[in-house]
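Structure, as structure tokens:
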Amino acid sequence: MTKAEKVQFVIDTLEELYPETPIPLDHKDPYTLLIAVLMSAQSTDARVNTITPLLFEKADNPYDMVKLTVDEIREIIKPVGLSPMKSKGIHGLSKILIEKHNGEVPVDMDALEELPAVGHKTASVVMAQAFDIPAFPVDTHIHRLMYRWNLSNGKSVAQTEKDAKRLFPKELWNKLHLQIIYYGREYSPARGWRLENDIITKTVGRKSVIDDYNKKKA
Numbered sequence: 001m002t003k004a005e006k007v008q009f010v011i012d013t014l015e016e017l018y019p020e021t022p023i024p025l026d027h028k029d030p031y032t033l034l035i036a037v038l039m040s041a042q043s044t045d046a047r048v049n050t051i052t053p054l055l056f057e058k059a060d061n062p063y064d065m066v067k068l069t070v071d072e073i074r075e076i077i078k079p080v081g082l083s084p085m086k087s088k089g090i091h092g093l094s095k096i097l098i099e100k101h102n103g104e105v106p107v108d109m110d111a112l113e114e115l116p117a118v119g120h121k122t123a124s125v126v127m128a129q130a131f132d133i134p135a136f137p138v139d140t141h142i143h144r145l146m147y148r149w150n151l152s153n154g155k156s157v158a159q160t161e162k163d164a165k166r167l168f169p170k171e172l173w174n175k176l177h178l179q180i181i182y183y184g185r186e187y188s189p190a191r192g193w194r195l196e197n198d199i200i201t202k203t204v205g206r207k208s209v210i211d212d213y214n215k216k217k218a
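First residue of the sequence shown? That's 1 in full-length UniProt numbering, and the numbers climb one at a time after it.
The following block contains the structure:
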């Protein structure tokens, strides 16, 4: 299989398995998505979805959010982890949105990355999922799978993103990054992984990864 054929196999398989790609984090607009994505760092989407309704009941826009203290925000979001950093970020970015962006989430990668507690991945998710602008946010699943599928060298998340953008057609990026996440969770997890269930890795995977798996099983 050529690299192009492998890429096409990945695209076709994911499209077959996940024709629909609902956004995993519950939200109603760009602001609530931004807050949910920020909260999801080193947490699970499921846990975030249980906490965001409690926060958004008190404040679902930057104007109401800045009326809460950092400590009040922290108290609500504690179960998602990293709450000191996240609560400061939520309060701080809400203030900046009011002061610099008329209370709106900017449709601009650089402006998003300037917000406190908003990294490149969070900004990419907001661009893709809130504004439908092509981006390829790389999370742990995508980083792991791009390496397993021999489509990236796994050296860094930045390199993985660069490789994904080079290999996959731009018009597929927004859907594809979600499809890969769903696939990673279901068929190619970090722990408890079974190669026999993982059709993509079995077909196009990195030889050393497959050999290593078989050695451990033997």
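Backbone N, C-alpha and C define an ideal beta-carbon position, used for all residues, glycine too.
{"Item": "Throw me the rounded Cβ distance for the serine 94 and proline 62 pair, which I believe falls under 8 Å.", "Value": "4 Å"}
{"Item": "Tell me the rounded alpha-carbon separation between leucine 145 and serine 188.", "Value": "7 Å"}
{"Item": "State the Cα-Cα distance for the pair methionine 109 and alanine 123, rounded to the nearest angstrom.", "Value": "6 Å"}
{"Item": "Between the C-alpha atoms of phenylalanine 168 and glutamate 5, what's the straight-line distance to the nearest angstrom?", "Value": "12 Å"}
{"Item": "What's the call for aspartate 64, buried or exposed, on a 16-neighbour Cβ count within 10 Å?", "Value": "exposed"}
{"Item": "Please state the DSSP three-state secondary structure of asparagine 153.", "Value": "coil"}
{"Item": "What's the C-alpha gap between isoleucine 11 and isoleucine 23?", "Value": "19 Å"}
{"Item": "Looking at C-alpha atoms only, which residue of Glu186, Ile76 and Arg191 is the closest neighbour of aspartate 198?", "Value": "Glu186"}
{"Item": "On the DSSP letters alone, give me the boundaries of the alpha helix (DSSP H) that serine 87 sits inside.", "Value": "83–101"}
{"Item": "Taking Cβ positions, are serine 40 and leucine 25 nearer each other than 8 Å?", "Value": "yes"}
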